[in-house]
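Working notes, beginning with the structure itself.
Protein chains: 2
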Amino acid sequence: MVGIKDVAKRAGVSIGTVSNVVNRPHVVAAATRSRVLSVIEELGYVRDESARQLRAGRSRVMGLLVLDLGNPFFVDVVRGAEQAAHAEGLNIITCNSGQRSELEASYLAMFAEQRVRGVLLSPVATSGAALGAFRRSGTPYVFVDRKVPASEASSVSVDDVAGGALAGRHLLETGHRRIAFVNGPAILAQCRDREQGLRNALAGSTAELTVLEAIGLDVSSGRDAGARLLGMSPRPTAVFCANDLQALGVLQAMVGAGVRVPDEMAIVGYDDIEFAGAAAVPLTSVRQPARRLGRTAAELLLAETSDTKPERRAVVFTPELVVRESTRVRR
Amino acid sequence: MVGIKDVAKRAGVSIGTVSNVVNRPHVVAAATRSRVLSVIEELGYVRDESARQLRAGRSRVMGLLVLDLGNPFFVDVVRGAEQAAHAEGLNIITCNSGQRSELEASYLAMFAEQRVRGVLLSPVATSGAALGAFRRSGTPYVFVDRKVPASEASSVSVDDVAGGALAGRHLLETGHRRIAFVNGPAILAQCRDREQGLRNALAGSTAELTVLEAIGLDVSSGRDAGARLLGMSPRPTAVFCANDLQALGVLQAMVGAGVRVPDEMAIVGYDDIEFAGAAAVPLTSVRQPARRLGRTAAELLLAETSDTKPERRAVVFTPELVVRESTRVRR
DNA sequence: CACCCGGGCTGAAACGTTTCAGAACATGAT
DNA sequence: ATCATGTTCTGAAACGTTTCAGCCCGGGTG
Numbered sequence: 036m037v038g039i040k041d042v043a044k045r046a047g048v049s050i051g052t053v054s055n056v057v058n059r060p061h062v063v064a065a066a067t068r069s070r071v072l073s074v075i076e077e078l079g080y081v082r083d084e085s086a087r088q089l090r091a092g093r094s095r096v097m098g099l100l101v102l103d104l105g106n107p108f109f110v111d112v113v114r115g116a117e118q119a120a121h122a123e124g125l126n127i128i129t130c131n132s133g134q135r136s137e138l139e140a141s142y143l144a145m146f147a148e149q150r151v152r153g154v155l156l157s158p159v160a161t162s163g164a165a166l167g168a169f170r171r172s173g174t175p176y177v178f179v180d181r182k183v184p185a186s187e188a189s190s191v192s193v194d195d196v197a198g199g200a201l202a203g204r205h206l207l208e209t210g211h212r213r214i215a216f217v218n219g220p221a222i223l224a225q226c227r228d229r230e231q232g233l234r235n236a237l238a239g240s241t242a243e244l245t246v247l248e249a250i251g252l253d254v255s256s257g258r259d260a261g262a263r264l265l266g267m268s269p270r271p272t273a274v275f276c277a278n279d280l281q282a283l284g285v286l287q288a289m290v291g292a293g294v295r296v297p298d299e300m301a302i303v304g305y306d307d308i309e310f311a312g313a314a315a316v317p318l319t320s321v322r323q324p325a326r327r328l329g330r331t332a333a334e335l336l337l338a339e340t341s342d343t344k345p346e347r348r349a350v351v352f353t354p355e356l357v358v359r360e361s362t363r364v365r366r
Numbered sequence: 036m037v038g039i040k041d042v043a044k045r046a047g048v049s050i051g052t053v054s055n056v057v058n059r060p061h062v063v064a065a066a067t068r069s070r071v072l073s074v075i076e077e078l079g080y081v082r083d084e085s086a087r088q089l090r091a092g093r094s095r096v097m098g099l100l101v102l103d104l105g106n107p108f109f110v111d112v113v114r115g116a117e118q119a120a121h122a123e124g125l126n127i128i129t130c131n132s133g134q135r136s137e138l139e140a141s142y143l144a145m146f147a148e149q150r151v152r153g154v155l156l157s158p159v160a161t162s163g164a165a166l167g168a169f170r171r172s173g174t175p176y177v178f179v180d181r182k183v184p185a186s187e188a189s190s191v192s193v194d195d196v197a198g199g200a201l202a203g204r205h206l207l208e209t210g211h212r213r214i215a216f217v218n219g220p221a222i223l224a225q226c227r228d229r230e231q232g233l234r235n236a237l238a239g240s241t242a243e244l245t246v247l248e249a250i251g252l253d254v255s256s257g258r259d260a261g262a263r264l265l266g267m268s269p270r271p272t273a274v275f276c277a278n279d280l281q282a283l284g285v286l287q288a289m290v291g292a293g294v295r296v297p298d299e300m301a302i303v304g305y306d307d308i309e310f311a312g313a314a315a316v317p318l319t320s321v322r323q324p325a326r327r328l329g330r331t332a333a334e335l336l337l338a339e340t341s342d343t344k345p346e347r348r349a350v351v352f353t354p355e356l357v358v359r360e361s362t363r364v365r366r
């Protein structure tokens, strides 16, 4: 593997000069510079980032750990974060915990060992051994899609209680009184908050709420929940799902059983992923600014790792209800 | 930041011993080992991977560059690759080129500078300046979802010509004679091959083929193509799309216009992503073993970077047609 | 003429590990 | 007592960069 030494020897200069050509071209004379550059080209020299980082003490990459890459919501978070990172010349490496704590721990350890500039983190839980160990490593981090007190760390999140309430009010306003909620794993704060918001909205009304626990936040969990919904009697007239993947699964179960949506069963999802609007019965959904979430989190992290250490912040975005066919009132 | 030296001083041993505790615990006496370990715990020491890599000369991470993380097909490829990599104790870092050559080039350069163990690559094109520069860097790589001659590099792909033919034959057998093909960017070999397969299947029949060029391989491109399809006269009775995202877009356009699927328009997609089966009119699709693709590619790369350098191979999987409602013949 | 200045370059130290030759010591065999 | 044999540990070199003090030299200033 060709190193800076080989280039120096071939070009007849010292290694310091080669380094200068690469990193501070203006301090070297034009003639020398072009000679060195052509040798670099000739030999196919590629700088060794680990040596550079060892010496420089700081890395040019930022880590991003997401809960589930299979959820298009998180793919948008990735896109937003990449945008902000690239604007600062940093690269993002994305890892997928799949909601498994042991994988989360392993990736956090990797990030710490790599001495990445910082980590954007959508964790399974905001406490726990792995997270504690990571915190001790001193690697800066920002929570994404999860609110924590600003005293602990910066965070960027969406108000899930408000989102749940949006869905609840909408279902009340469209005349529903028997409402089901398909919830995901209770360990996820998102799930707990959305349920809380829904309960807040329904409180004081005559509506009756049934909560169905699903195993996961994916399509097949939604299908299972849909099947259970079909067996209920009296059957709810509307269902709110903790995310769009579940909602798509429920929709599929309904269509498969010949239950008309929204006439016999209204459906509200959460996240407003692209597939929600593209479903053959387009889904009403609570939209979260996913890209913005990723971008803001990356910006916060960049600010935190800059020389002027600003205060930590807890940024909270407000969700928005997008009404589509799946809850449209038909006359 | 606490280093191996601090641990050594605190535990009253040499740095060599600390290193041995971490890397070859069996060579150090039990008493010393446990003393060092407790100091490591106490000080929160985390090994610096860049120093380790600099010295060791080899990295413990593998790069994966995909065309589009927004496509669930590639998310499954990622999952498969992660599985194989973790089995060998390697970590995967995933990057998303979004089909943009300049991003692809930037990530390839990053991989080379990081001296990753190797790269799994689903490139925009199998030639070009960026790829050439990367090749010169000597970083091992394996193509994913793209076949190249084994003399150049190993590759793992699915026979797209066969896949296109599967779709074509199926549409002929279900009685269609006016068939449309929604194609993606012609720069992608996948798109060219699927079209070729379709043409092969239709050759010799009386069927008439219309090709609609779409801008991208995403849902909104599919919607556009669907709108164009609706304006055609005579309108085709079936459409084959280069991937499922497009097919979902076409489906949405049909439903929006009140055109019944499959009675007035049959639809076949490609990839068999989860959303295809979960669509309210479940899509017939050509299934690719995405996870297997990722896993096999990672295994090939691992083999190639092992001591016993095996021969390069071009593994080709065979696609499979999954028939669902969107092409079901109704009597 | 002496002096300083600044541009252009060199040489060496430092970053935090891993690895390896060998030191130090204990054990058992001769 | 001497020697071979382990076992456990040490010290230093090496990995490929970046950075910095300082050298050399030509030209302007007093």
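If you read the protein sequences in the order shown, they are chains E and A.
Going letter by letter, the first sequence gives residues 36 to 366 in the working numbering.
Going letter by letter, the second sequence gives residues 36 to 366 in the working numbering.
Glycine residues also receive a C-beta, built at the ideal position from the N, C-alpha and C atoms.
The structure displayed is predicted, hence computed values, not measured ones.
Out of the options, which has the shortest C-alpha to C-alpha gap to residue i?
{"i": "L233/A", "options": "G203/A, G261/A, L247/A", "result": "G203/A"}
{"i": "M36/E", "options": "R171/A, G329/A, A277/A, A325/A", "result": "R171/A"}
{"i": "N106/A", "options": "S157/A, S85/A, N58/A, Y142/A", "result": "S157/A"}
{"i": "D195/E", "options": "Y305/E, E309/E, A66/E", "result": "Y305/E"}
{"i": "M145/E", "options": "C130/E, V159/E, R135/E, A221/E", "result": "C130/E"}
{"i": "A238/E", "options": "A200/E, S256/E, E360/E, I222/E", "result": "A200/E"}
{"i": "G293/E", "options": "S240/A, V316/A, S361/A, D298/A", "result": "V316/A"}
{"i": "S94/A", "options": "L102/A, S341/A, R348/A, T362/A", "result": "S341/A"}
{"i": "A140/E", "options": "E148/E, F169/E, A119/E, T161/E", "result": "F169/E"}
{"i": "F109/E", "options": "G133/E, A236/E, D228/E", "result": "G133/E"}
{"i": "E360/E", "options": "V296/E, G266/E, A221/E, R327/E", "result": "V296/E"}
{"i": "N126/E", "options": "R347/E, T319/E, A349/E, L337/E", "result": "L337/E"}
{"i": "T319/A", "options": "A349/A, R363/A, E299/A, E346/A", "result": "R363/A"}
{"i": "A164/E", "options": "G153/E, L143/E, R181/E, V154/E", "result": "L143/E"}
{"i": "M97/A", "options": "L265/A, V154/A, G124/A, P220/A", "result": "V154/A"}
{"i": "G198/A", "options": "V183/A, Q231/A, V217/A, S190/A", "result": "Q231/A"}
{"i": "G92/E", "options": "R45/E, A260/E, Q149/E", "result": "Q149/E"}
{"i": "L265/E", "options": "L244/E, S240/E, S49/E, G291/E", "result": "G291/E"}
{"i": "A147/E", "options": "S49/A, G79/A, I214/A, P60/A", "result": "G79/A"}
{"i": "H205/A", "options": "I302/A, V159/A, G173/A, G261/A", "result": "I302/A"}
Tell me the rounded alpha-carbon separation between residue i and residue j.
{"i": "I128/E", "j": "A116/E", "result": "10 Å"}
{"i": "R263/A", "j": "R114/E", "result": "30 Å"}
{"i": "A65/A", "j": "S192/A", "result": "51 Å"}
{"i": "V63/A", "j": "R82/A", "result": "19 Å"}
{"i": "V74/A", "j": "T67/A", "result": "11 Å"}
{"i": "E84/E", "j": "C226/A", "result": "37 Å"}
{"i": "T343/A", "j": "A122/A", "result": "19 Å"}
{"i": "L223/E", "j": "D103/E", "result": "12 Å"}
{"i": "S54/A", "j": "E76/E", "result": "38 Å"}
{"i": "L166/E", "j": "S186/E", "result": "16 Å"}
{"i": "A119/E", "j": "V151/A", "result": "24 Å"}
{"i": "E137/E", "j": "E208/E", "result": "43 Å"}
{"i": "A242/A", "j": "A236/A", "result": "10 Å"}
{"i": "E248/E", "j": "R258/E", "result": "12 Å"}
{"i": "D111/E", "j": "R327/E", "result": "9 Å"}
{"i": "L99/E", "j": "E299/A", "result": "46 Å"}
Shorter than 8 Å, the distance from the beta carbon of residue i to the closest heavy atom of the ligand COA, or not?
{"i": "V112/A", "result": "This structure lacks the ligand COA, and indeed carries no ligand of any kind."}
Look up residue i in the DSSP assignment and give the residues it is bridged to.
{"i": "T319/A", "result": "V303/A"}
{"i": "V350/E", "result": "V191/E"}
{"i": "L356/A", "result": "V321/A"}
In chain order, what are the residue ranges of uninterrupted alpha helix (DSSP H) at least 4 long that sit wholly in the segment 154–230 of chain E? Uninterrupted alpha helix (DSSP H) stretches at least 4 residues long and entirely within the segment 154–230 of chain E occur at 164–171, 195–208, given in chain order.
Below 8 Å, can you find three or more Cβ-Cβ pairs linking the segment 279–293 of chain A to the segment 85–96 of chain A? Counting C-beta pairs closer than 8 Å gives fewer than three between the segment 279–293 of chain A and the segment 85–96 of chain A, which falls short of the contact rule.
Take every Cβ of the segment 160–180 of chain E, pair it with every Cβ of the segment 327–345 of chain E, and state whether three or more of those distances are shorter than 8 Å. Three or more Cβ pairs closer than 8 Å define a contact, and the segment 160–180 of chain E meets that threshold against the segment 327–345 of chain E.
Only counting runs of 4 or more residues, tell me where the alpha helix (DSSP H) segments fall wholly within the segment 231–281 of chain E, in order along the chain. Inside the segment 231–281 of chain E, DSSP marks whole alpha helix (DSSP H) runs of 4 or more residues at positions 254–266, from first to last along the chain.
Runs of beta strand (DSSP E) wholly within the segment 48–133 of chain E (minimum 3 residues, chain order): Listed in chain order, the complete beta strand (DSSP E) runs (minimum 3 residues) inside the segment 48–133 of chain E are 96–101, 126–131.
When you compare the segment 269–280 of chain E with the segment 250–257 of chain E, are there three or more beta-carbon pairs, one atom per stretch, that lie closer than 8 Å? A contact exists between the segment 269–280 of chain E and the segment 250–257 of chain E.
Does the segment 345–365 of chain A come close enough to the segment 349–360 of chain E that 3 or more CB-CB pairs lie under 8 Å? No, because fewer than three Cβ pairs between the segment 349–360 of chain E and the segment 345–365 of chain A fall closer than 8 Å, the two stretches do not touch.
Between the segment 308–317 of chain E and the segment 268–275 of chain E, do at least 3 Cβ pairs fall closer than 8 Å? No, the segment 308–317 of chain E does not touch the segment 268–275 of chain E.
Taking one C-beta from the segment 314–324 of chain E and one from the segment 40–56 of chain A each time, how about it: are there three or more such pairs within less than 8 Å? Note that the segment 314–324 of chain E does not touch the segment 40–56 of chain A; fewer than 3 beta-carbon pairs, one per stretch, sit closer than 8 Å.
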